[in-house]
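Per the working numbering, residue 846 is the first one in the sequence shown, and the count goes up by one each step.
Positions of the beta carbon are idealized from the N, C-alpha and C atoms, including for glycine.
First comes the structure, then the notes that go with it.
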Amino acid sequence: MKKNPESAFLKHLAVVAQKNDAINPELYEKYDVKRGLRYSNGTGVLVGLTKIGDVVGYELKDGKKVPIPGKLLYRGYDIAELVHDSEKHNDFGYEQSVYLLMFGKLPTKKQLVDFKKYLGSLRVLPPNFTEDMIMKAPSNDIMNKIARGVLASYSYDPDPENRSVDNIMRQCLELIARFSTLAAYAYQAKRRYYDGQSMYIHNPNTELSTAENFLHLIRFDGKYTKLEAQILDLALILHAEHGGGNNSSLTVHVVSSADTDTYSSIAAAVGSLKGRRHGGANIRVMEMMDDLKAHVKDWTSDKQIRDYLTLVATRKAFDKTGLIYGMGHAIYTVSDPRAVLLNELAEKLAKQKGCLDEFNLYKRIEKIAPEVIYSIHGTGKRICANVDFFSGFVYTMLGIPRELFTPLFAISRIAGWSAHRIEEVSAGGRIYRPAYKNICPVYKYVKIDDR
């Protein structure tokens, strides 16, 4: 087989560029650089203030961090109370979470009913959008298609450059309502053009919740059970917001601070969430679990599970990164409240779907993995399972294909992004401009004939 000279040339250029851009890690310590905007202990550098969400994993006592069970707060309200209240009333709670995040207060019954109707009325994509922007330009990656769909929405907006808060609010609510439709149609186009399967385009049902609508749109018969929709609704609530410091929400703040339009800032956030270190993490958990199932014959054997996880943690198994995916979090220590809440309904769904053996395998790993990490790395930080550890398993039980895992994250997180977009426009006031220290020497220019 002949080598492609263009490919060889590009590879050569890449090697040259990578070698030229290499930076000695010791220089980061020398200049006290906060890599990733984090201090050496892993805590984030304070770069802003927010009223939208809070992530709590420890308390400060006498100047020392004391690990506590994790808490996630939306506008000052514990997310566990939002979830349990929805369960008590046998209702879907994501829309209430959206209302709370966007407007800063809990809705009355009438306000919530009106708000749900309003969101429902916006779920249908603009005229010809599906045909022209999705079907005529399908993508093998649905997150890529969502980002392109967000940018394309600019062309369908009669007032896209208006930066007033009321206009931004309109734009954000339209995107919140349409994200599930956009993702579902992008998935159907992928099935048709890339997977060689049948494509089913259902119209959104304006009477349904976001979770119900999504299941309705991705399934060939549009059918789902109440429990399936309730568990997906729970996942949407849990992923709707996670403080201003997570990568995609920070992206919204950074891009919005440049005084650009809503579609540009939200599309940038989608690009951030697509990353495997951010929204794509639950897929890595599922890939690791596939490998574990292939090598661990007895799912009830703690020893076999421990041996496999030890190989993973010592870079001898799976992807050789040394990471046990789904374990650990930058802030949560004792527990991730999202994982705890998702776990409560995951067992119920596992019983209904006949997946209890696999659920019990996850529970064993949840217990054993932190012990393996402690023994190998000797870290003093408490480690717990994070929401990514369980979410992929839950989506799989719901029959949702893996290529939709990260898009589901976006369908939920558009609520938090929208709230952060409005907060930055209302209270930010300055363009983000952190410092980078240049460590390249100054060279005397050499004329081309003398090189």
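Query                                                                                                                                                               : Result
Based on the DSSP secondary-structure assignment, which residues constitute the bridge partners of Ser1180?                                                         : Pro914
Is Leu1190 near Ser1236, with beta carbons less than 8 Å apart?                                                                                                     : no
Buried or exposed for Arg1008, going by 16 or more other Cβ atoms inside 10 Å?                                                                                      : exposed
Going by DSSP, which residues form a beta bridge with Tyr919?                                                                                                       : Gly898 and Tyr922
Can you give me the start and stop residues for the alpha helix (DSSP H) that Lys856 sits inside?                                                                   : Pro850 to Asp866
Around the Cβ of Ser1146, are there at least 16 other Cβ atoms within 10 angstroms (buried) or fewer (exposed)?                                                     : exposed
Where Gly1261 and Ile1111 are concerned, what is the direct C-alpha to C-alpha distance, given to the nearest angstrom?                                             : 11 Å
Taking Cβ positions, are Arg1258 and His1084 nearer each other than 8 Å?                                                                                            : yes
Return the residue from the list Pro952, Leu1018, Phe960 and Arg1036 that minimises the CA-CA distance to Pro983.                                                   : Arg1036
What do you get for Ile987, buried or exposed, if any count of 16 or more other CB atoms within 10 angstroms of its CB means buried?                                : buried
Pull up the CB-CB distance for Pro1182 and Leu917, whole angstroms please, since I reckon it's below 8 Å.                                                           : 5 Å
Would you mind stating whether Ala1028 and Ile979 have Cβ atoms separated by less than 8 Å?                                                                         : no
Round the Cβ separation of Gly1171 and Ala1230 to the nearest angstrom and send it over; I've been treating them as touching at under 8 Å.                          : 6 Å
Which whole-angstrom value describes the C-beta separation of Leu1253 and Ala1080, a residue pair presumed to lie in contact below a C-beta threshold of 8 Å?       : 7 Å
Within 10 angstroms of the Cβ of Gly1062, are there 16 or more other Cβ atoms? Answer buried if so, exposed if not.                                                 : One point to set straight first is that residue 1062 is Leu, not Gly, in the sequence displayed. Buried, since its Cβ has 16 or more Cβ neighbours within 10 Å.
Considering only residues of the same chain and omitting the five flanking positions on each side of Val1010, which have a CB-CB separation below 7 Å?              : Ile1267, Val1270 and Ser1271
Rounded to whole angstroms, how far is the Cβ of Ile1256 from the Cβ of Phe960, which I believe are closer than 8 Å?                                                : With 8 Å as the limit, Ile1256 and Phe960 do not qualify as a contact, their Cβ atoms being about 17 Å apart.
Where does Glu851 land, buried or exposed, given buried means 16+ other C-beta within 10 angstroms?                                                                 : exposed
Compute the Euclidean distance between the alpha carbons of Lys896 and Ile1021, then round it to the nearest angstrom.                                              : 20 Å
Does the separation of the CB atoms of Thr1251 and Leu1072 fall below 8 Å?                                                                                          : no
Less than 8 Å between C-beta atoms, sequence neighbours within five positions excluded: which residues of the same chain meet that for Met1044?                     : Gln1033, Ala1034, Arg1036 and Arg1037
Is the distance from the Cβ of Arg1151 to the Cβ of Ile1213 below 8 Å?                                                                                              : yes
For the alpha helix (DSSP H) containing Lys838, name the first residue and the last one.                                                                            : The shown model of the chain, from 846 to 1296, leaves out residue 838, and the question about it has no answer.
Which partner residues does Arg1297 have in the DSSP bridge list?                                                                                                   : The requested residue 1297 is not part of the displayed model; the chain covers only 846 to 1296.
If you measure between the beta carbons of Val900 and Gly1088, is that distance less than 8 Å?                                                                      : yes
Report, in whole angstroms, the separation of the C-beta atoms of Val861 and Lys879, which I expect to be a contact under 8 Å.                                      : Wrong, their Cβ atoms sit about 29 Å apart, outside the cutoff.
Taking the runs of the alpha helix (DSSP H) that are 4 residues or longer, which of them lie wholly in the stretch 971-1034?                                        : 987-998
Given a threshold of 16 other Cβ atoms within 10 Å of its Cβ, counted over all protein chains shown, does Gly1124 qualify as buried or as exposed?                  : buried
With DSSP collapsed to three states, give me the class of Met1172.                                                                                                  : strand
Note down the Cα distance separating Thr1096 from Ser1109, rounded to an integer number of angstroms.                                                               : 11 Å
Output needed for Ala1158: all residues of its chain with C-beta closer than 7 Å, excluding positions within five of it in sequence on either side, in chain order. : Gly1167, Ile1169, Val1217, Ile1218 and Ile1221
Considering only the alpha carbon of each residue, which of Asn973, Tyr944, Asp977 and Pro972 lies closest to Tyr963?                                               : Tyr944
How many angstroms separate the CA atom of Asn1127 from the CA atom of Tyr1290?                                                                                     : 50 Å
For Phe960, report the span of its alpha helix (DSSP H) as first-last.                                                                                              : Lys954 to Ser966
Pick out whichever of Phe1234, Lys981, Tyr1030 and Gly994 has its Cα sitting closest to the Cα of Ala1113.                                                          : Gly994
Could you have a look at Asp1103 and say whether DSSP puts it in helix, strand or coil?                                                                             : Residue identity differs from the one stated: residue 1103 is Ala in this sequence, not Asp. Note: Ala1103 maps to coil in three-state DSSP.
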